[in-house]
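Novice: The structure follows.
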Amino acid sequence: MHVSLTPEESAFRDEVRAFFRDEVPRDIHDKQARHIALEPEDQVRFQKILYEKGWAAPNWPVEHGGTGWTLVQKHIFETEMANSNMPRIVPFGLGMVGPVIYSFGNDEQKQRFLPDILQSNVWWCQGYSEPGSGSDLASLKTRAELDGDEYVVNGTKIWTTLAQYADWIFCLVRTSTGTARKQEGISFLLIDMQTPGVSVKPIITIDGSHEVNEVHFENVRVPAANLVGEEGKGWTYGKVLLQHERTGTAGVARTQYRLRQLRDQAGQSVRGSEPLCKDRNFMRRIAAVEVELKALEYTELRTLAAVSAGKAPGAESSILKFKGTELQQAVDELFVEAAGYYALPYVPEQYAPGFPDDQRIGAGTETDSASHYFNFRKASIYGGSNEIQKNIVAKHVLGL
Amino acid sequence: MHVSLTPEESAFRDEVRAFFRDEVPRDIHDKQARHIALEPEDQVRFQKILYEKGWAAPNWPVEHGGTGWTLVQKHIFETEMANSNMPRIVPFGLGMVGPVIYSFGNDEQKQRFLPDILQSNVWWCQGYSEPGSGSDLASLKTRAELDGDEYVVNGTKIWTTLAQYADWIFCLVRTSTGTARKQEGISFLLIDMQTPGVSVKPIITIDGSHEVNEVHFENVRVPAANLVGEEGKGWTYGKVLLQHERTGTAGVARTQYRLRQLRDQAGQSVRGSEPLCKDRNFMRRIAAVEVELKALEYTELRTLAAVSAGKAPGAESSILKFKGTELQQAVDELFVEAAGYYALPYVPEQYAPGFPDDQRIGAGTETDSASHYFNFRKASIYGGSNEIQKNIVAKHVLGL
Amino acid sequence: MDFSLSEFQGMLADSVGKFVDNEYSFARRMANADSSTGYGEDTWASFCELGWTALPFPEADGGLDGGPLETMLLMQQFGRGLVVEPYLANIVLAGGVLCRAANAAQKARWLQPIIAGDLQAALAIAEPQNRYDHAAVETRAVRDGDTWVIDGKKSVVFNGGNADLFVIPAESDGISLFALASDTPGIDVQRYRTVDGSTAADITLSGVRVDDGALLGAAGEGLATFDAVIDDAILAVAAEAVGIMQALTDKTVEYCKNRVQFGVPIGSFQALQHRMVDMLTASEQSYSLLLWATMACADRTDEAKRAVSAIKYQVGTAGKLVGQEAIQLHGGMGMSWEVDVGHYFKRLTVIGQILGNADWHLDRLLD
Amino acid sequence: MDFSLSEFQGMLADSVGKFVDNEYSFARRMANADSSTGYGEDTWASFCELGWTALPFPEADGGLDGGPLETMLLMQQFGRGLVVEPYLANIVLAGGVLCRAANAAQKARWLQPIIAGDLQAALAIAEPQNRYDHAAVETRAVRDGDTWVIDGKKSVVFNGGNADLFVIPAESDGISLFALASDTPGIDVQRYRTVDGSTAADITLSGVRVDDGALLGAAGEGLATFDAVIDDAILAVAAEAVGIMQALTDKTVEYCKNRVQFGVPIGSFQALQHRMVDMLTASEQSYSLLLWATMACADRTDEAKRAVSAIKYQVGTAGKLVGQEAIQLHGGMGMSWEVDVGHYFKRLTVIGQILGNADWHLDRLLD
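Chains as they are written, first to last, in the working numbering: chain A, 826 to 1225; chain B, 826 to 1225; chain C, 2 to 368; chain D, 2 to 368.
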C-alpha cells in the first residue's frame, strides 16, 4: 500500500499539467477564471483539443478511442483537469450515450455514432425524466410505437440539460405497456433533434439561468435502426449509464479546487480590513469540508479500484453521488457566506464576455456565489435524487 | 404580549426560591451538588416536604390537591426547582398514574390511591413496555383474564424504572384478544407488587447502573376493583398519560441549569492552566445549545398556554419530547468533552454517600460525565422513542 | 408574562394576513418585482392607506405608535406572502433613523413624506471592508467652515436605486448620521437587482458637501441610533424569516401530499416525513424564539441585546435547513423560476446574509 | 499509489481477523475485562505467541519490522472484536518510546520483556492541567549530582495500574523521557477502571530519584520521540475506531433486519434505512481517510502531520454519529450491559476523548 506516486506517475502528472497550461487557449483559461459562461463553441473547441491529444475519453475501451490508462492515471487526469480549472466535459455524449452505444449498440451504431461523440462533432442531450416521473423514473410514459420500420414517439421529457444546443437526444421510451413490472417494456432510443415534431421549451431555474428544458415529442418518426440493443431492455442499459453518471458526479477534485480558491479569497484583505482567514470559525468549516473531501477522494479511489479489478460500478457509486453533491453544496454555502452582503447583487451581465472587470460590483467573483449556490441545489436532485441513492444503498449494499 | 413578570409573579418566584433554599434539608442540597445518588428515602423525604407546603402536584386539579397555579406560576416553579438543583420528582405516581386515576378512575379508586400518591406514601412504577413491544406498544402481550372478581395476569414488562423500590405498578394489559385493532382490548390495571407471582429482575444499563428491571407476572391475581375506567379502553388512558409524560420530559429548565453549571466549570482553571472558557469554539457550542433551549422554553410555554386555554396536550407535546431530549443529550456531550481525559475513569464509589471529596479522581464531578452521557442515551428511547414522536407529529400535526 | 395579543395587534395581524392572502398573489409579487422600481407602487400606496407605513412611528410624528411586537406581526405576514416592497429599507431602517434622530423640521421634510408614501429612503449599513460590523465606518465627514464634506463608499444599500434620500453614517470623531438627497452632487449610485427579486445599490460619495441641516442628531453621537435601528431591523427580518419558514413548511407538506411517485404520495415516505417534521420543528422553534426576543426588546429587559443576536442566529441556521429542504423535497419544481418555493428560499438566504450572519451573531453571544 | 496488501500484510489481517472471530467472543472479552488486571493474561500470552507484540518493532530489536500499515490492519480487527487488552498502552505507546529512544541495554532490560509478554508498561501522556497538549509538561526533572529528582502528576495513564514500568515525560530544559519501575520510591499510583472496561491510573511523583540509567535518549530532547509516538497512537486508535464503526454498522443492520415492530422488521422503515446509510457512509469515509492517513505516514509524505489530525477529527465525529445511532436503533437493547453494542459505543466514545478530541484536531488543521 502506497500513497506516493511512482516516477512514471509523476511524469504523467507533469505532462497533463503542462498540456492544460500550454495547449488550452488563453481565452478559455481566462473565461474560467472570471466565471464567464462558455459558449457552446468554446466547449466544443476545448473538447476537440482533448480529442486531438487522444484524451477525449479516458474511460472508454481503447478500441473505441479510450486511453488505456490505469486507475491512478485517470485519477491524476481528473485532478489536474480540476486544478487547472478546465471546463467540465459536457457529459451526455462522452460520459453517457457513448458507453451505452459501445456496450450495447450494434456495429453499425458504433461506427455511425462513436467517432462523432469522441470528436465532439455532435451535441447530445439526455431524455430520461418526465413531468410525472422524477425519482420514479421507471414510471415514464413517453410512448414509442413501431410503425413499419419506424417508431412513432409521443410524450414529454423534462429537465433536459442543454437541449437547446443538442443535435441528438437519447431517450428512455415505453415500447410496450401492460408489462408485469414497469421497468419492462422500456427501450433506449436515439433521436435526431431535427426530426419534425420535436420541440424544445426553455425552463428557467431559480438562479435565472436557462440550462434545462422541456422536450416535446409529437408523432416523431424515428428509424427503428436507432434502437440501441434489444427492445424492452432499455431500463438495464439506462441503469448502467446512471451508475456511470453517479460515479462521475462526485466531482471531488473540482470541489477540492474550489475550496482552495475559497481559501485564497479568504486570505485577501478588502481595503485594509482583516481578511476572513483570521476568522478561525470560518476556517474550521473549510477544514472540516476538506477532510470529508479527502475521505471521499479515497472512497472514490477504492470504488474505482474495485471496478478496475473487474467489478461493475455498483451501488457504492450511490454513496459517491450523494456525498459528493453534499460536499459541492457545502462549498457553495461557504462561498456565499464569504461574500457577506456581496452575495446579494444579481448582475449576470457582468459574467458575460466583454464586461470590463473594473466595473464589476463586488470584489472578484463574489456576486456569482449566490447564483452558483442556487443553481447547484439541483445537484442533490438530478441524476437520481440523493434520497433515491440512499434507498439504493439501503437495498443493495445493506440488504434492507 | 409581555415577557416580564408582574410584581405578583416576581413575589411568587422569590417565595419558591426561598422555599427550596431554606426548607429543603442541607444534606439533599449537598448530595445533589456532589452528584451523589439519592436514596429512595431521600426522594420521599423531599417529596413530602413539597406535600407539606401544598406543592406536591402543581398540575393536578385543585380538588385533588393541586395548586391552582397559572401557567406562568407553574413555569416559575419548574424553573426555580431546576435552578435550585432540586431532585427530579419521581414521576410514576404524581406525574403519571395520579392523573389517570383522577381523570378516569372511580370515586373509590380516587379516595384509595390519590392521597397516598400526593403524600408520596406509595412508590409506583410503570408497566408499559414488553420484550416484544417497544415502539409498537400496542402489540403488548401481557394477558389479564377475568376469573370471578379477579384478573389473572401473566406476562413480562421490561425497562421498568425503579421497580425495585415500587409498592405498586400500573400496567397496560390485554383483557381480550382477537380485536379488530390491536389498540382495542387493552386495559389499565393497578397491581400491588407484593401480590404472589410478581417478581422483579434487574437490568444493568451500559453505564453500570441498576435503574430498570424486568417485571414478571405469573398467575398474579388482581382484584377487578383495580381496573381503572372501562375494560378495553386502557389504550386511550395510556395515551393521555404518555402525552403528559412527553410534555414533562422536555426538561428545559433543568437542561438550562446544567448548561450554566457547565459554563461555571469551563470558567475554572486547573492548576493555573487557561480555562476552557477561553476556547471560543467550545463556548460557541454552548451558546448554540443555549439558544435552542431558550426557543424550546418558549415552545413549551406556547404549548402549555394552548393547554391552559382548554386544549388537551396534543401531538405538539411530541416536539417537546424529542427536541428536549436531543438538547439534554447535547449538554451531556459537552460535559464529556469538557472533562477531556477525565471522562474516562469509572469510579461509581466516589459518588456514594460518605466518600471524601478530596480523594475523588478528577476535579469536581468530571468523572461522572461519561456515565451520565451513557445513561441518558435512554432519553431518546424511552417514553416513546424520538422516531415514534416524529411519526406522531407527521401524522397528527402535518397530516401526512 | 403573557402571550395574548391586544385588540390592535390582533386587528393588525388579521388585516396584513388578509391582504397577503387576497391581494398579493405570487403572480402579483413577481410582477411587482419585475417592474422598473423592483416593487409595486400601487402596492406601496395600499400600505400607506392601510396605515402600515405609519406603524412603527410615535403618534407625535403622525405614526401609530407601534413597537417591535407590531412590526413583528406585520413582517411575519409579509414573509408569508413574500412581499417584495421595501418596508425594511424605507420604514424600518431609514424611517427608524429619522424617527429617532431627526429634529422637527427634518421630520416634517423627510419622515412625513415617507409615511405618506411620497418619499423613498435608504439607510447605508455596510461598507466594502467592514463585513457585518456596521459600526466600523470608514466613510468620513470632515468639517469645512459651515459645511461637511463627506467621502466614502457604501455597499449593497437596500432600496438604494429607488431612494430619493440616503441616510449615511459617517465617521467624524464618532459616527454622524446625514440625510442626503440622492441628487446631491458627488453621489454616484450603481443600481442593481438582488437575488431575492429586490434592488440595491453601491454608493460612492466624493466630496459631497452639505450643511448642518443634513445632520441628524448631534455630530459624532449617531452610533446609539444606528445600533438601535439595526436591532429593530434584525427583529423585523427575523419575523419575515419566520413567516417564510412557516410558508415553506406548509407548501412542502402540501406538495408531498399530492406528488405521486411509485404509486403513492411522496409524503407517505417515512424518511421524508421525518425531514418535514424537522422543518416544522425548526420553524416552530424560530417562532418561539422570535416571540421571546421581540418581547424582550419591547419590554427592554437586560436580555434584549443578546436576544437580538440569538434570534438572528436562529433564523440563519433554521432558515438554511428549511429553505434547502423545501427545495429538495420539491425536486425539480423547487428549482423552477415559475414556482414560488424557490423565491421564498432565495429571500430566506438573503435574510441569512444581511445584518450579520448566523456565525457572526453566535460569536456576539460569547461577549 | 497502490491499495494492495503485501503477502505479509494479508496474512496478518487474516490471522488477527480469525482470532477475533474464533477465539475472542463477547463473553470472553467481558470476562477478560472483569478480571483483576482488566485484561486476559492468557489472551496476552496468545498475542505474544502469534508475534503481535513484536509487530511494530525493528528486526534488530527482535521485532517484525511492521509500520503504520501493519498496526492499522491489526488494530482495525481489534476494534471489530472490541479487544480490551492493553496493546495501545503497552506496545504502541510505551513500547514505541522504548524502541525509538532506549539504548541497547535499556532495550534488553525493558523492550525485550515487553515483546516476550513478561513486562507491562505504560506511557504517561496527560497531566491534569494540559488537556490535550501533551507537550505542555509540568512534571519536572531536576538534576541533583548524579541523579534526577522527578516531581509531578500524571493523569489517566492507560494500563497504569498494571504497569511494572512507567515511561514518564518530564520537563528539564526540554522534555526528557524516563523509564521508572513502578515500585520506585516516591511513586503513588491511584488505580481505577475506565468506562470502556479497561483500567488506568493517576500517578503522583514526589521526589522520585533515579540515575541516568532511567533516562531514555538525551536529556531535554525527548519531544520528537513523544510526538512521533502520539502520532502512531492516533493512527492505531483511529484504525480501532474504524473497526468498531464497521462492527456497529453491521450489528445495527442485522438487528434491524430481525427486530419486528408493527408486524414488520424495523429495517423496512425508510427513515431508519437512511440513517443506517448515513452510518455506513460515516464508517466508509472513515476507512478511506484512515487508508490515506496511514499511507501518508508510512510514506512520510509532507501531508503526514496533517493527516494524523484529519483522521483523528474524522473518527471523532463519525464515531459519535455511528455510536449514538447504533444505540438509538437498538433501542433498549442498546442500553443493556448484557449486549455488546453498548460496549462498542463506550470504547468509541473513549477513543473520541483521548489523544485530542475532534475539536482539538480540527483546530490543529488550521495551523
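Beta carbons: idealized from backbone N, C-alpha and C, even for Gly.
(1) Examine chain A for any beta-carbon lying closer than 8 angstroms to the beta-carbon of Met336 of chain C, and answer yes or no.
(2) For chain D, find out if any of its Cβ atoms is closer than 8 angstroms to the Cβ of His275 of chain C; answer yes or no.
(3) Between the stretch 1057–1068 of chain B and the stretch 1002–1013 of chain B, can you find at least three pairs of beta-carbon atoms closer than 8 angstroms?
(4) Kindly indicate the opening and closing residues of the beta strand (DSSP E) around Asp228 of chain C.
(5) Counting only Cβ pairs nearer than 9 angstroms, list the residues of chain D close to Asn1106 of chain B.
(6) Report the residues of the stretch 976–1007 of chain A with a CB closer than 9 angstroms to any CB of chain C, ordered along the chain.
(7) Run through chain D and tell me which residues come within less than 7 angstroms of Gln271 of chain C, C-beta to C-beta.
(8) If I measure Cβ to Cβ from Phe1180 of chain A and keep anything under 7 angstroms in the same chain, skipping five residues before and after, which residues do I get?
(9) Report all residues from its chain with a CB closer than 6 angstroms to the CB of Pro57 of chain C; omit the five preceding and five following residues, and keep chain order.
(10) Which residues in the same chain have their Cβ closer than 6 angstroms to the Cβ of Pro69 of chain C, if we skip the five residues on either side of it in sequence?
(11) Among D:Met277, D:Ser173 and D:Lys155, which has the Cα closest to the Cα of Asp145 of chain D?
(12) On a Cα-Cα basis, can you pick out the residue from D:Glu60, D:Leu65 and D:Gln354 that is closest to Leu51 of chain D?
(13) Mind checking the stretch 1106–1140 of chain B against chain C and listing, in chain order, the residues whose C-beta falls within less than 8 angstroms of any C-beta there?
(14) Expressed to the nearest angstrom, what Euclidean distance is found between the alpha-carbon atoms of Arg838 of chain A and Gly879 of chain A?
(15) Under 8 angstroms, Cβ to Cβ, is there at least one residue of chain D near Val841 of chain B?
(16) Assess, as a yes-or-no matter, whether the stretch 893–900 of chain A is touched by the stretch 1213–1225 of chain A under the definition of 3 or more beta carbon pairs within less than 8 angstroms.
(17) Return yes when the Cβ of Gly980 of chain A is within less than 8 angstroms of the Cβ of Asp967 of chain A, no when it is not.
(18) Of all Cβ atoms in chain B, is any one closer than 8 angstroms to the Cβ of Gly343 of chain D?
(19) Across which residues does DSSP place Thr140 of chain D in a beta bridge pair?
(20) By how many angstroms is the C-alpha of Ile1031 of chain A removed from the C-alpha of Gly343 of chain C?
(21) Chain A beta carbons: is any one of them nearer than 8 angstroms to that of Ser177 of chain C?
(22) What would DSSP say about Arg29 of chain C, mapped onto helix, strand or coil?
(23) Just to make sure I have the definition right: I need the residues of chain B whose C-beta is within less than 7 angstroms of the C-beta of Ala311 of chain C. Which are they?
(24) What do you get for Asn131 of chain C, buried or exposed, if any count of 16 or more other CB atoms within 10 angstroms of its CB means buried?
(25) Taking all protein chains shown into account, do 16 or more other C-beta atoms lie within 10 angstroms of the C-beta of Val1077 of chain B, making it buried, or fewer, making it exposed?
(26) For Gly161 of chain D versus Val85 of chain D, is the C-beta spacing smaller than 8 angstroms?
(27) Which term fits Leu1152 of chain B, buried or exposed, when burial requires 16 or more other beta carbons within 10 angstroms of its beta carbon?
(28) Give me whichever residues DSSP pairs with Phe179 of chain D in a beta bridge.
(29) Phe1201 of chain B to Thr350 of chain C, Cα distance in whole Å?
(30) With a threshold of 8 angstroms between beta-carbons, can Thr282 of chain D be considered close to chain A, or not?
(31) Since Asp972 of chain B is in the beta strand (DSSP E), which residue starts that stretch and which ends it?
(32) Whose C-beta lies closer than 7 angstroms to the C-beta of Gln1090 of chain A among residues of the same chain, with five residues either side of it excluded?
(33) Applying the 10 Å Cβ sphere with the 16-neighbour rule, what's the burial state of Ala219 of chain C?
(34) Give the residues from the stretch 892–918 of chain B that approach chain C closer than 7 angstroms (Cβ to any Cβ), ordered along the chain.
(35) Would a C-beta distance cut-off of 8 angstroms place Ala46 of chain D and Asn91 of chain D closer than the cut-off?
(36) Grouping DSSP H, G and I as helix and E and B as strand, with all else coil, what is Asn1051 of chain B?
Specialist: To lay it out plainly:
(1) yes
(2) yes
(3) yes
(4) Taken as a continuous stretch (DSSP letters only), Asp228 of chain C belongs to no beta strand (DSSP E), being part of the alpha helix (DSSP H) at Leu224 to Asn259.
(5) Asp360, Leu363 and Asp364
(6) Ile983 and Trp984
(7) Phe270, Gln271 and Ala272
(8) Glu1174
(9) Gly67 and Thr72
(10) Leu236, Thr295, Cys298 and Ala299
(11) D:Ser173
(12) D:Leu65
(13) Met1108, Arg1109, Ala1112, Ala1113, Glu1115, Val1116, Glu1117, Lys1119, Ala1120, Leu1121, Glu1122, Tyr1123, Thr1124, Leu1126, Arg1127 and Ala1130
(14) 16 angstroms
(15) no
(16) no
(17) Reading the sequence as shown, one finds Thr at residue 967 of chain A and not Asp. Yes, they are a contact pair.
(18) yes
(19) In the DSSP output, where bridge partners are listed per residue, Thr140 of chain D has none listed.
(20) 6 angstroms
(21) no
(22) helix
(23) Val1116 and Lys1119
(24) buried
(25) buried
(26) no
(27) buried
(28) D:Ile169 and D:Leu216
(29) 36 angstroms
(30) yes
(31) Arg968 to Asp972
(32) Ala1163 and Gly1189
(33) exposed
(34) Val897
(35) no
(36) helix
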